[in-house]
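A.B. asks: The structure is given below, and queries will be raised subsequently.
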Amino acid sequence: MQILRISLSISTLGLVLAGLLSLAAQQQNPKRQSNPFTSSEDVVAGSRIYRSHCASCHGLDGSGGGGGHGGQGADLTGQLRYGASDEELYSVLETGIPGTEMVATFFDGKQLWQLVSFVRTLAKAAQPGTLVGNAERGALLFAKKGGCVQCHMIGGKGGRKAPPLGGIGSSRSSKSLKNSILRPAEQVLPSHWTVQILTNRGEKVSGQRLNEDTFSIQVLDSKGRLRSLMKKDLVSYNINKKSAMPSYEGILSDEEIDDIVAYLSSLRRKRL
Amino acid sequence: MRTLQILALATATASGSFSQVSTDRLLNAENEPSQWMTYSGTYKSQRFSKLDQINRQNVTELELKWVFQAESLDKFQSTPLVVDGVMYLTEPPNNVVAIDAATGRRFWKYTHNEPTKVNVCCGRVNRGLAIWKNSLFMGTVDGRLLSLDAQTGSVNWDITVVDYLGGYSITLAPLIIKDKIIIGTAGGEYGIRGFLQAHDVRTGKKLWRFYTIPGPGEPGHETWEGDSWKRGGGSVWLTGSYDPELNLTYWGIGNPSPDWNGDVRKGDNLYSDSVIALNPDNGKLDWYYQFTPHDEWDWDAVQIPVLVDRPFKGKQRKLILWGNRNGFYYVLDRVTGEFLVAKAFVYQNWAKGIDKKGRPIRAPNQGPSAEGTKTYPSVQGATNWYSPTYSPQTGLFYLSVWESYPSTYYKGDPTYTRGNRYVGSLPQGIYPNTTTDTEPGYGAVRALAPETGELEWEFKMAEVSESGLMSTAGNILFSGSMQGQFVILDVFNGNLLWSMNLGGRMTNSPMTYQVEDSQFVAVSAGHSLFVFGLKD
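Chains A and B, in that order, are what the protein sequence lines are. If you count by numbering that gives the first Met the number 0, then the first sequence holds residues 0 to 271, one letter each, in order. If you count by numbering that gives the first Met the number 0, then the second sequence holds residues 0 to 535, one letter each, in order.
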């Protein structure tokens, strides 16, 4: 009982202190200055917040692109889009990126700076090889030698046999992009599964399975038409979770793959 | 019977086809009533559909087919497009979804990333998309124009049209004419200099710009005192119409800035509160007609230009019918812009009438004043942007009106700071408060005789309405109310045929389409789109 009371008062004290600190920080307008919370304790404090509030989207190691509650966070291990200065990073963490899954937070000034400190270590921790490629060369490989453009569309140009890749750099890490190119079979998004359908009327439909519920299934068919079919009108429908994407392992050199990854990573949603 | 119907529905959902909207299809939209390919349905903007499966005899058999719920709390002013069984819709303000028009199931969604701060006078709204070939086009509240792939929702291109920090935003649905996308900018409350401009449908490249406020050396510039033209307003926030035979496109232009203090912008203030006719190939002005010279009440001429070919005083003519926010109904010749008729369609006290040349004769002392002036109609106008409709079957013009509702107009400080409101004070009471207003006025759907503006019938509502109208070959007319009552009226006499409480403010204009054998009608209320069809 006694112990409890003590710990309570200590935590209350802590709260008050934190409040005072943040007040002080606010008065100094912390955004205007460089990060005042960069000690190793601050990094640890930042990592704790990160684990519980950010990792579900950005991954424990910050490489983004997967896991978590359907959220797909950006890669934080490479070059940051909003990372030109600590102040910029701070304001992204505070206000979020409107219109994306990156939401605003309610952490106080100190906590935000600690997060900034931690996010900076993610980039340092990144394995060598992250974004070593040359995006310009990558763009060329994508269009020419790699033949990617025959299947994938970017910015209105390209084929329709595969999902468009415009903006993919905002949601996929360089690691997972590389994986998609080398080992496409490993992870296929459910909206990229394909489906073969036979209807009651004897029509065969195949294509990308965009959406599905108990009663119906939505498909972008092989002719490029958007179609919604009622399941009760189908003789059969078979979902194929395999990737129709060829592996480029051994077909393109490591350097070429890195270049393409750098190119895809640079395909970000328009910055505001 | 029931199985049969179900089968019909099944085929309906199974046969949405590849969306290829050619220029020809847009030109002949009238003859493809199953589709809804432009904001107003056709280039004539009559918001009339030839579909008649749902009609006067069977409207009571309507039932709700599906609902689309927006994941957003902004006002839902968008008119959907439907092409070959696929509905394309903006979710307020600038997300885009493609859904199965028969079942409402989603194919894809484009999520717009948008700044937290935008300069919009009246909500972060969007009124819809345009489609051409396999591309969708959308203007955004942050001043961008996007082209999306209709099959996947992926971005073809995304360009900045105008700097939103200066008070500009794009809220209208673009209009496609031949190989051009025509858009304009909102911002009449922010001291913008309005314009209409054209972009290449394929690349987005800007092709021409027409300033709605003429600059030095241009005709009309003399209607602005001093430098006032630089911040003269003249926004464009509602889709225009097009006459392919004349190759003219017609647009209604917004209020002059600052709205309620005309002292700093003496003169007629062209082309604010006007209809302009442009050549879409080069953006050159062919003619204009100004409804409210030197407006001091915020009466944008932002209404749908309704193009009608019909006899006028015994002679077949190409007309524009226009129920204006200022309370007058107008008939113009759309070949020359000649003024033909004007008649007040609500009680108003700002003008003694309109003279033979089409110029209003202003009543004295009805402009804004420091102590406030009570003037009819209100700041929201006698009608506003929500669509009127013209039925070729009845030959009547229908519109949503606000009757006997005044505003008290105050004149105030007209200081301009970039990106902030520049209105010169604010009138009281934008919407009537039915619990405190002693003069709340009322809303009504009215049918006017197109040649004279005489009232043919009215359907009176307890409250004013922001819902547009649509009429169909089924001889019915669709509308709704602020409180969410969706109503269907008889086009001949305004009798109520059917109604349903949709539980939220109706702020778009109804539209209709057909998938296989079934006609559907879509309206928004609150934050959802409700789609109706006949019972199976």
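Even for Gly, the Cβ is constructed at its ideal location relative to N, Cα and C.
Please work out which residues of its chain come closer than 7 Å, Cβ to Cβ, to S33 of chain B, disregarding the five sequence neighbours upstream and downstream, and give them in chain order.
C.D. replies: For S33 of chain B, where only same-chain residues beyond five positions count, the Cβ hits under 7 Å are Y512, Q513.
A.B. asks: Hey, D73 of chain B and G127 of chain B are a contact pair by Cβ (cut 8 Å); roughly how many whole angstroms apart?
C.D. replies: Incorrect: roughly 14 Å between the Cβ atoms, too far for contact.
A.B. asks: Which chain B residues are close to Q217 of chain A, counting only those with a beta carbon under 8 Å from its beta carbon?
C.D. replies: The answer, in chain order, is D99, R104, R105, F106.
A.B. asks: Which residue spans inside the segment 213 to 291 of chain B form an unbroken beta strand (DSSP E) run of at least 3?
C.D. replies: Entirely contained in the segment 213 to 291 of chain B, the beta strand (DSSP E) runs reaching 3 residues are, in chain order, 240 to 242, 247 to 251, 273 to 278, 283 to 289.
A.B. asks: Identify every run of the beta strand (DSSP E) within the segment 201 to 241 of chain A, keeping only runs that are complete inside it and at least 3 residues long; order them along the chain.
C.D. replies: Segments of the beta strand (DSSP E) lying fully in the segment 201 to 241 of chain A: 203 to 211, 215 to 220, 225 to 229, 233 to 239.
A.B. asks: For a test of the three-state rule: what should DSSP assign to G157 of chain A, helix, strand or coil?
C.D. replies: Here G157 of chain A sits in strand by DSSP.
A.B. asks: Mind pulling the chain B residues with CB within less than 7 Å of K268 of chain A?
C.D. replies: The residue asked about is misnamed: residue 268 of chain A is Arg in this sequence, not Lys. Simply N112.
A.B. asks: Relative to the alpha-carbon of Q19 of chain B, which residue among B:I53, B:A97, B:Q150, B:N112 has its alpha-carbon at the smallest distance?
C.D. replies: Q19 of chain B has its Cα closest to that of B:Q150, out of B:I53, B:A97, B:Q150, B:N112.
A.B. asks: If you run the structure through DSSP and keep just helix, strand and coil, what is N28 of chain A?
C.D. replies: Because N28 of chain A carries a pLDDT of 42, less than 50, the predicted location of this residue cannot be relied on, and the following value inherits that uncertainty. Coil.
A.B. asks: Between F136 of chain B and the rest of its own chain, which residues show a CB-CB distance below 6 Å, the 5 nearest in sequence each way excluded?
C.D. replies: Once the five neighbours on either side are set aside, the close Cβ partners of F136 of chain B are A129, S146, P173, I180.
A.B. asks: How about S146 of chain B: is its C-beta nearer than 8 Å to some C-beta of chain D?
C.D. replies: The question asks about chain D, but that chain is absent: this structure's protein chains are A and B.
A.B. asks: Just verifying my parser: in three-state terms, what is the DSSP assignment at K373 of chain B?
C.D. replies: It is a strand residue.
A.B. asks: For N272 of chain A, decide whether its Cβ has a neighbour in chain B, counting only Cβ atoms nearer than 8 Å.
C.D. replies: Because chain A in this structure spans residues 0 to 271, residue 272 of chain A falls outside the shown range and cannot be described.
A.B. asks: Relative to the C-alpha of G545 of chain B, which candidate in B:L495, B:Q52, B:S466 has its C-alpha closest?
C.D. replies: Any question about residue 545 of chain B goes unanswered here, given that chain B covers just 0 to 535.
A.B. asks: Out of curiosity, what's the CA-to-CA distance linking G142 of chain B and I429 of chain B?
C.D. replies: C-alpha separation (whole angstroms): 26 Å.
A.B. asks: Which first and last residues belong to the beta strand (DSSP E) in which K314 of chain B is found?
C.D. replies: Where K314 of chain B is concerned, the enclosing beta strand (DSSP E) stretches over 314 to 322.
A.B. asks: Whether or not the segment 209 to 217 of chain B and the segment 228 to 236 of chain B are in contact is what I'm after, with contact meaning three or more pairs of Cβ atoms, one per stretch, closer than 8 Å; do they touch?
C.D. replies: Because the criterion of three Cβ pairs below 8 Å is met, the segment 228 to 236 of chain B and the segment 209 to 217 of chain B touch.
A.B. asks: In chain A, which residues lie with their C-beta within 9 Å of the C-beta of S153 of chain B?
C.D. replies: Here the neighbours are M152, I153, G154, G155, P162, P163, L164, G165, G166.
A.B. asks: Alpha helix (DSSP H) containing N178 of chain A: first to last residue?
C.D. replies: 173 to 181 is the span of the alpha helix (DSSP H), which, as asked, contains N178 of chain A.
A.B. asks: Quick check: is the beta carbon of V85 of chain B nearer than 8 Å to any beta carbon in chain A?
C.D. replies: It does: the Cβ of V85 of chain B has a partner Cβ on chain A nearer than 8 Å.
A.B. asks: For Q34 of chain B, decide whether its Cβ has a neighbour in chain A, counting only Cβ atoms nearer than 8 Å.
C.D. replies: Not one chain A Cβ lies under 8 Å of Q34 of chain B.
A.B. asks: Listing by chain order, which chain B residues have their CB less than 9 Å from the CB of R159 of chain A?
C.D. replies: Neighbours of R159 of chain A on chain B, chain order: D148, Q150, T151.
A.B. asks: Where does K109 of chain A fall in DSSP's three states?
C.D. replies: Here K109 of chain A sits in helix by DSSP.
A.B. asks: If A343 of chain B sits next to G326 of chain B, beta carbons under 8 Å apart, how far is it from one beta carbon to the other, in whole angstroms?
C.D. replies: Right, the Cβ-Cβ distance comes to about 5 Å (below 8 Å), so this counts as a contact.
A.B. asks: Along chain A, in chain order, which residues have C-beta atoms closer than 9 Å to that of W65 of chain B?
C.D. replies: In chain order: nothing, as chain A lies at least about 11 Å away.
A.B. asks: Identify whether G13 of chain A lies in helix, strand or coil by the three-state DSSP scheme.
C.D. replies: Model confidence at G13 of chain A stands at a pLDDT of 43, short of 50, so the residue's coordinates are unreliable; what they give is reported in the following sentence. Residue state, collapsed to three classes: helix.
A.B. asks: Which residues of the segment 94 to 110 of chain A have a Cβ closer than 7 Å to any Cβ of chain B? Give them in chain order.
C.D. replies: Answer in chain order: T94, I96, P97, G98, T99.
A.B. asks: Just list the residues that DSSP pairs S33 of chain B with in beta bridges.
C.D. replies: According to DSSP, S33 of chain B bridges with nothing at all.
A.B. asks: Could you spell out where the alpha helix (DSSP H) holding S276 of chain A opens and where it closes?
C.D. replies: Only positions 0 to 271 of chain A appear in this structure, which leaves residue 276 of chain A out of reach.
A.B. asks: How would you call D294 of chain B, buried or exposed, if buried means at least 16 neighbouring beta carbons within 10 angstroms?
C.D. replies: So D294 of chain B ends up on the buried side.
A.B. asks: First and last residue of the alpha helix (DSSP H) that includes D253 of chain A?
C.D. replies: Per DSSP, D253 of chain A belongs to the alpha helix (DSSP H) from 253 to 264.
A.B. asks: Alpha carbon to alpha carbon, how far is L140 of chain A from E113 of chain B?
C.D. replies: Approximately 32 Å between the Cα atoms of the pair.
A.B. asks: With the cut-off set at 8 Å, would you say K230 of chain A and F214 of chain A are in Cβ contact?
C.D. replies: Closer than 8 Å, so yes.
A.B. asks: At 7 Å on the CB atoms, spell out the chain A contacts of W156 of chain B, in chain order.
C.D. replies: Residues of chain A passing the Cβ test: G154, G155.
A.B. asks: Measure the CB-CB distance between V486 of chain B and S470 of chain B and report whether it falls below 8 Å.
C.D. replies: Not a contact, by the Cβ cut-off of 8 Å.
A.B. asks: Taking 8 Å as the threshold (beta carbon to beta carbon), is L209 of chain A in contact with chain B?
C.D. replies: For L209 of chain A, the answer is yes, since a Cβ of chain B falls inside 8 Å of its Cβ.
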